[in-house]
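For reference, the structure is listed below as structure tokens.
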Amino acid sequence: MNHTHSTRTDQLIGALQVILAGICWGTLGIIASKLADLGFDSFSITILRIVTAGVIVLVLIPKLLPELKGLTFKASFGLIMQSLIGVLGMTLCYFYAVNHVGVSMAVALLYTAPVFSLILARVILGERISATSALLAIVAVIGVGCLMAGADSFSFNSGVLIGLLSGVCYALYGILGKKAMSKNHSSYLVFFSSVTVSAATLLILPTTYQTYGALFELPVQAWAFALGLGLIGTIVPFFLYMSTLQKLPASTASVFTIVEPLTAIALAVFLLHQPLTIMQMVGTLLIVTATAANALIKR
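Right under this line is the structure:
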């Protein structure tokens, strides 16, 4: 009886943790918008997120040192590609879309990732595409069409295209991460490498130092936004999600992450006053529904 009660309590805590993780991830768009208002472009905002997070996660080095020493060249290359495509690429594309089409549409486009996952998982991992998954992919594509049709004009095409590319990068982050995990690398190593490799790459560029120089000249509020990107929008949700996986199956946890796009859209509507048209609401609903259904089917 006590064991059953303990299990249910753990499951409840796990569910609350993954919901909180989704809410944290959902804040990325609105924080990026606030930084854009302060004069930062999408590349500078990408720098602030990744480099700030990269510095913070260096505290994991002592824990991961044995694994880092044991990495082969092939494994290292795989982790590097996951970082550059799945973290740097996705973050840059997502923040570009946020600045050009708004948070609500950007997050909807990001969540086309399951569609691209179907195709890329087939090509990279050799996974079979089921008829149901293919149908859900079509639903998501129709949703994207509704988003585009519901816009006031087609001058936002670059934002939509780059937003879709963020979905491709997001899909590759999961697929390349899954491939790395299959080689018995811990989730903590995969996360550590995904952030630090991209951060190290950005530190090579003069733009990174110019970005932080500009940040130094701004009020403390700007620093709070930068820290929010790295800590609340990146590191905290990862550890919450990892803790969740100790209490809930990954398939169950993935269902609750649907909170992320809903949080982003709600914050955009109420705090940034970026309302969606009826057609865009339909498109967003189709994409979110397809994503949730895809997660439920995998349970």
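Residue numbers (the working numbering): 1 to 299. Every residue, glycine too, gets a C-beta built ideally from N, C-alpha and C.
>> Measuring alpha carbon to alpha carbon, tell me which residue in 52, 247, 201 and 171 is nearest residue 117.
In response: On the sequence shown, position 117 is the one that residue 117 refers to. Nearest option by C-alpha distance: 171.
> What is the DSSP secondary structure of residue 249, reduced to helix, strand or coil?
Replying inline: Residue mapping note: residue 249 aligns to position 249 of the sequence shown, counting from 1. DSSP, reduced to helix, strand and coil, places residue 249 outside both helices and strands of the structure shown, so it counts as coil.
> Beta-carbon separation of residue 25 and residue 237 under 7 Å?
Replying inline: Your numbering for residue 25 matches position 25 in the sequence shown. Your numbering for residue 237 matches position 237 in the sequence shown. Between residue 25 and residue 237, the CB-CB gap stays under 7 Å.
>> If you reduce the DSSP assignment to three classes, tell me which class residue 154 lands in.
In response: Counted from its first residue, the sequence shown places residue 154 at position 154. Note that residue 154 scores 49 on pLDDT, short of 50, meaning its location in the model is unreliable and no value can be drawn from it.
>> Less than 7 Å between the C-beta atoms of residue 38 and residue 198, yes or no?
In response: On the sequence shown, residue 38 is found 38 positions in, with the first residue counted as 1. On the sequence shown, residue 198 is found 198 positions in, with the first residue counted as 1. Contact: no.
> Just reading off the alpha helix (DSSP H) that residue 35 is part of, what are its end residues?
Replying inline: The residue given as residue 35 occupies position 35 in the sequence shown. In the DSSP assignment, residue 35 falls within the unbroken alpha helix (DSSP H) covering 28–37.
>> What does the alpha-carbon distance come out to for the pair residue 83 and residue 195?
In response: Your numbering for residue 83 matches position 83 in the sequence shown. Your numbering for residue 195 matches position 195 in the sequence shown. Rounded to whole angstroms, residue 83 to residue 195 spans 7 Å at the Cα level.
> Helix, strand or coil: which one does DSSP assign to residue 111?
Replying inline: Within the sequence shown, the letter at position 111 stands for residue 111. Three-state DSSP puts residue 111 in coil, outside helix and strand.
>> Tell me whether the region 55–68 and the region 113–133 touch, counting them as touching only if at least three CB pairs, one residue from each stretch, are closer than 8 Å.
In response: Cβ pair count under 8 Å is below three, so no.
> Would you call the region 198–215 and the region 47–57 in contact, with 3 or more CB pairs under 8 Å?
Replying inline: Touching, yes.
> Comparing alpha-carbon positions, which option in 175, 142, 30 and 133 lies nearest residue 271?
Replying inline: Position 271 of the sequence shown, counted from the first residue, corresponds to residue 271. Taking only the C-alpha atoms, the option nearest residue 271 is 30.
> Can you tell me whether residue 207 is buried or exposed, with buried defined as 16 or more other CB within 10 angstroms of its CB?
Replying inline: On the sequence shown, residue 207 is found 207 positions in, with the first residue counted as 1. So residue 207 counts as exposed.
>> So, at 7 Å on beta carbons, what are the nonlocal neighbours of residue 165 in its own chain, with the 5 sequence-adjacent residues on each side left out?
In response: The residue labelled residue 165 in the question sits at position 165 within the sequence shown. The residues are 93.
>> What would DSSP say about residue 274, mapped onto helix, strand or coil?
In response: Locating residue 274 in the sequence shown gives position 274, where the first residue counts as 1. In the three-state reduction of the DSSP assignment, residue 274 falls in the coil class.
>> My output table needs one value for residue 258: the three-state DSSP class, helix, strand or coil.
In response: As a first step, residue 258 is located in the sequence shown; it is residue number 258 there, counting from the start. Looking at residue 258 - three-state DSSP - the assignment turns out to be coil, as it is neither helix nor strand.
> Got a sec? Which residues, its chain only, sit under 8 Å from residue 215 by beta carbon, not counting five neighbours each side?
Replying inline: Counted from its first residue, the sequence shown places residue 215 at position 215. Spatial neighbours of residue 215 in its own chain (CB-CB distance under 8 Å, excluding positions within 5 residues in sequence) are listed in chain order as 48, 222, 223 and 226.
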